[in-house]
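Before any comments, here is the structure.
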Amino acid sequence: MTERFADTLQRDAEAGQLHHLLPPSVPVAQPRTAPAGAGAGQVHQLLTLAAVLHHVLLMDSSCGPADEPALRRVNRVLDTALETCLQLDAARQQLQGAITTQRALEIVLEMLAARVELGQASQVDHRKVAARLCSARDTVTRTVGEWNRIGRRFTQLTRLLPAQLKTGFEALEPVLPDEMDRLAQACLSTSADVQFSLSQRAQAWAARRSDPARPSGFGPEDFGAWLSSLEDARAQAAADFAGAREAYLQAVLNFDREHACLVRARSLRRAAETGFRLNARSAPDYSDAIMDENRRNHAMLASQAQRMASQYHLYALAGLLPRQFGIIEPAAGY
């Protein structure tokens, strides 16, 4: 079953194409596309993370409340799609790791069966490794279910197939203190939506002046309430960014810890493999090392996706996420 699934996954990845682009809701930079004369039978390049986000902007021209500021809405939409892309890529790598683990245990069981026939191993060890293989197959089944669940969410958000997302995202550099301060300042302006609030206030003032039943003018009470709402928005923005910064720092610590655990588990598995091939380590010990490495890899991939999502979330709060991927022209004013 797993081999057929892996083959299907690869075929879908090679056949993935981008379809049904709708008019954009904001000025966006046009990505590179395949030549117009490309035949239907040719293999098309998979979509990068930036290309998927560009497609989401083109597709979601009417998402969000009508009175929501455009900059905030764009960053919210991209942030949601980006987090799903990261989770999908992690689930794909976790599935590949689970299948690799199952195949490795199958090889161990075959080698152990040969040793049992030669009288170099016991039936007890053979039964123990067989039980671990059953557990590994259950892990593959659960991971396939997780891949399908995240894949359905990815398709709902992007109208693309999960296999169309290109794998292997570049590792992010940590956010330095100066950059963090810049993002915090940008977050205050973006979340407060000063320009939008001014426009909203001007529209209300114009409506009041055109209404003969209401007194004209922009009174101090109105101005005070408007300033108060802006200050409340800035305070909420500062609190939101502070929470996002703490989440990012915690995600960095979690990733570093899981990565260190994976490095150690990988080293132990290699040592166990050498001992098993020299018939100096038991097959169950080697099988345990294989499964522990897969568990650590699974946890590391999840923490890596969370770390990247929390870092991109900082840029989304600052209103700078579209620029990070070059999908909005600088002249557009975003």
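Heads up: take any position in the sequence shown, counting from 1, add 1151, and you land on this note's numbering.
Ideal placement from N, C-alpha and C gives every residue a C-beta, glycine not left out.
- Which one of Q1387, R1223, C1236 has the shortest CA to CA distance from M1459? Numbered from 1 along the sequence shown, position 308 holds the residue referred to as residue 1459. Ranking the options by Cα distance to M1459, first place goes to C1236.
- For the alpha helix (DSSP H) that contains L1472, what are its first and last residues? On the sequence shown, residue 1472 is found 321 positions in, with the first residue counted as 1. From DSSP, the alpha helix (DSSP H) with L1472 extends over 1472-1475.
- Query: Are the Cβ atoms of A1467 and D1230 separated by less than 8 angstroms?
  - Reply: Translated into the one-based positions of the sequence shown, residue 1467 becomes position 316. Translated into the one-based positions of the sequence shown, residue 1230 becomes position 79. Taking 8 angstroms as the cut-off, the Cβ atoms of A1467 and D1230 count as close.
- Item | Identified DSSP bridge partners for P1198 | Position 47 of the sequence shown holds residue 1198. Looking at the sequence provided, one finds Leu at residue 1198 rather than Pro. Its beta-bridge partners are L1316.
- Touching by the beta-carbon criterion (3+ pairs, under 8 angstroms), the region 1416-1428 and the region 1442-1460: Between the region 1416-1428 and the region 1442-1460, the count of C-beta pairs closer than 8 angstroms reaches three or more; the two stretches touch.
- Query: Where does V1228 land, buried or exposed, given buried means 16+ other C-beta within 10 angstroms?
  - Reply: Locating residue 1228 in the sequence shown gives position 77, counting from the first residue. Burial call: buried.
- Message: Give me the residue from A1388, Q1315, F1305, A1322 with the minimum Cα distance to Q1336.
- Response: Translated into positions along the sequence shown, residue 1336 becomes position 185. Minimum Cα-Cα distance from Q1336 among the listed residues A1388, Q1315, F1305, A1322 corresponds to A1388.
- Taking the CB atoms as reference points, tell me whether L1209 and K1317 lie closer together than 8 angstroms. Taking the sequence shown and counting its residues from 1, the one referred to as residue 1209 is at position 58. Taking the sequence shown and counting its residues from 1, the one referred to as residue 1317 is at position 166. Taking 8 angstroms as the Cβ cut-off, L1209 and K1317 do not qualify as a contacting pair.
- With a floor of 4 residues, list each alpha helix (DSSP H) that falls wholly inside the region 1362-1444, ordered by position along the chain. Taking 4 residues as the shortest admissible run, the region 1362-1444 contains the following complete alpha helix (DSSP H) segments, listed from N- to C-terminal end: 1371-1428.
- Query: By a C-beta neighbour count over all protein chains shown, 10 Å radius and 16 as the cutoff for buried, is L1471 buried or exposed?
  - Reply: Indexing the sequence shown from 1 puts residue 1471 at position 320. It counts as buried.
- 6 angstroms Cβ shell around R1266 - same chain, five flanking residues per side excluded: Within the sequence shown, the letter at position 115 stands for residue 1266. Hits under 6 angstroms: A1272.
- Do you know how far the Cα of H1205 is from the Cα of A1281? What you label residue 1281 is simply residue 130 of the sequence shown in a count that begins at 1. What you label residue 1205 is simply residue 54 of the sequence shown in a count that begins at 1. Cα-Cα distance, rounded: 48 angstroms.
- Message: Would P1313 and G1302 be called neighbours here (beta carbons separated by less than 8 angstroms)?
- Response: Residue 1313 sits at position 162 when you count from the first residue of the sequence shown. Residue 1302 sits at position 151 when you count from the first residue of the sequence shown. In this structure, P1313 places its C-beta atom within 8 angstroms of the C-beta atom of G1302.
- Message: On the criterion of 16 or more Cβ atoms from any shown chain inside 10 Å, does A1423 qualify as buried, or is it exposed?
- Response: The residue given as residue 1423 occupies position 272 in the sequence shown. Result: buried.
- Name the residue from S1340, A1249, S1438 whose alpha carbon lies nearest to the alpha carbon of E1261. Residue mapping note: residue 1261 aligns to position 110 of the sequence shown, counting from 1. Considering only alpha carbons, the answer is S1438.
- Query: Which term fits A1386, buried or exposed, when burial requires 16 or more other beta carbons within 10 angstroms of its beta carbon?
  - Reply: In the sequence shown, counting from the first residue as 1, residue 1386 sits at position 235. A1386 should be labelled exposed.
- Item | Secondary structure of R1310, DSSP reduced to three states | For this step, residue 1310 is matched to residue 159 along the sequence shown. Here R1310 sits in coil by DSSP.
- Message: Taking the alpha-carbon of V1203 as reference, which of L1308, V1259, T1425 has the nearest alpha-carbon?
- Response: Counting from 1 along the sequence shown, the entry for residue 1203 is found at position 52. In terms of Cα proximity to V1203, the closest of L1308, V1259, T1425 is L1308.
- Query: Skipping 5 residues on each side, what residues in its chain have a beta carbon closer than 8 angstroms to that of L1263?
  - Reply: Taking the first residue of the sequence shown as position 1, residue 1263 is located at position 112. The answer, listed in chain order, is A1272, D1276, H1277, V1280, A1434.
- Query: How big is the Cα-Cα spacing for A1201 and L1311?
  - Reply: On the sequence shown, residue 1201 is found 50 positions in, with the first residue counted as 1. On the sequence shown, residue 1311 is found 160 positions in, with the first residue counted as 1. If I take the Cα positions, the gap works out to 14 angstroms.
- Item | Inter-residue spacing [alpha-carbon to alpha-carbon] between P1473 and T1251 | On the sequence shown, position 322 is the one that residue 1473 refers to. On the sequence shown, position 100 is the one that residue 1251 refers to. Their backbone Cα atoms lie some 37 angstroms apart in a straight line.
- Spatial neighbours of A1450 in its chain, beta-carbon cut-off 6 angstroms, leaving aside the 5 residues before and after: To locate residue 1450, count along the sequence shown from 1; it is residue 299. Only residues of its own chain outside the window of five on either side were considered, and among them E1409 have a CB closer than 6 angstroms to the CB of A1450, listed in chain order.
- Query: Quick one, which of A1398, S1454, G1477, C1338 has its alpha-carbon nearest A1384's?
  - Reply: As a working mapping, residue 1384 is identified with position 233 in the sequence shown. Nearest to A1384 by alpha-carbon distance, out of A1398, S1454, G1477, C1338, is C1338.
- Query: Going by beta carbon distance, what residues of the same chain come within less than 7 angstroms of R1288, once the five residues before and after it are set aside?
  - Reply: Taking the first residue of the sequence shown as 1, we reach residue 1288 at position 137. Non-local beta-carbon contacts of R1288 in its own chain, meaning distances under 7 angstroms to residues more than five positions away in sequence, involve Q1253 in chain order.
- Item | Cutoff 7 angstroms; reference F1392; Cβ partners in own chain excluding five residues on either side | Taking the first residue of the sequence shown as position 1, residue 1392 is located at position 241. Closer than 7 angstroms at the Cβ level, and outside the excluded window around F1392, lie A1335, C1338, L1468.
- Message: Nearest by alpha-carbon distance to Q1315: which of R1447, S1340, D1240, A1431 is it?
- Response: Residue mapping note: residue 1315 aligns to position 164 of the sequence shown, counting from 1. Selected option, being the one with the closest Cα: D1240.
- Message: Measuring only the C-alpha atoms, how far is A1456 from D1332?
- Response: As a first step, residue 1456 must be located in the sequence shown, where it is residue number 305. As a first step, residue 1332 must be located in the sequence shown, where it is residue number 181. Rounded to whole angstroms, A1456 to D1332 spans 24 angstroms at the Cα level.
- Item | Cβ-Cβ distance between Y1463 and L1233 below 8 angstroms | Locating residue 1463 in the sequence shown gives position 312, counting from the first residue. Locating residue 1233 in the sequence shown gives position 82, counting from the first residue. Taking 8 angstroms as the Cβ cut-off, Y1463 and L1233 qualify as a contacting pair.
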